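One rule links them: number in our numbering = place in the sequence shown (from 1) + 30. Each residue gets a CB set at the ideal place from its N, CA and C atoms; glycine is no exception. What you are looking at is a predicted structure, and each value in this text was computed from that prediction instead of being measured. Step one of this worksheet: look at the structure below.
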Amino acid sequence: MGQSEYISWVKCTSWLSNFVNLRGLRQPDGRPLYEYHATNDEYNQLTQLLRAVGQSQSNICNKDFAACFVLFCSEWYRRDYE
């Protein structure tokens, strides 16, 4: 794992851990992703994280980046789909 990949992994892992911990959980509990209801700040942070990390394109196989992306898609759909 290169330095860029490691930094991407740490950022995504840290963000996900914080997101789950703020809901009083140690890990996801199996509910649909849209039911976690990210706050506006969390949604904006996640958007910025994905933009920053995604530009390196070295994280395509990173499971934490994928988890962040899927959570973002779920939240975007919940908020913005018409």
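Which two residues bound the contiguous alpha helix (DSSP H) that contains residue i?
i: residue 91; result: Element bounds for residue 91: n/a, residue is neither H nor E.
i: residue 82; result: 70-84
Cα separation between residue i and residue j?
i: residue 96; j: residue 54; result: 22 Å
i: residue 57; j: residue 40; result: 17 Å
i: residue 60; j: residue 100; result: 14 Å
i: residue 72; j: residue 79; result: 10 Å
i: residue 81; j: residue 46; result: 16 Å
Leaving aside the five residues before and after residue i along the sequence, list all residues of the same chain whose C-beta is less than 6 Å from its C-beta, in chain order.
i: residue 63; result: 101 and 104
Among the residues of its own chain, which have a CB less than 7 Å from the CB of residue i, if the five just before and after it don't count?
i: residue 67; result: none
Quiz prompt | the stretch 50-59 touching the stretch 102-112, judged by at least three CB pairs closer than 8 Å | solution = Short answer: they don't touch.
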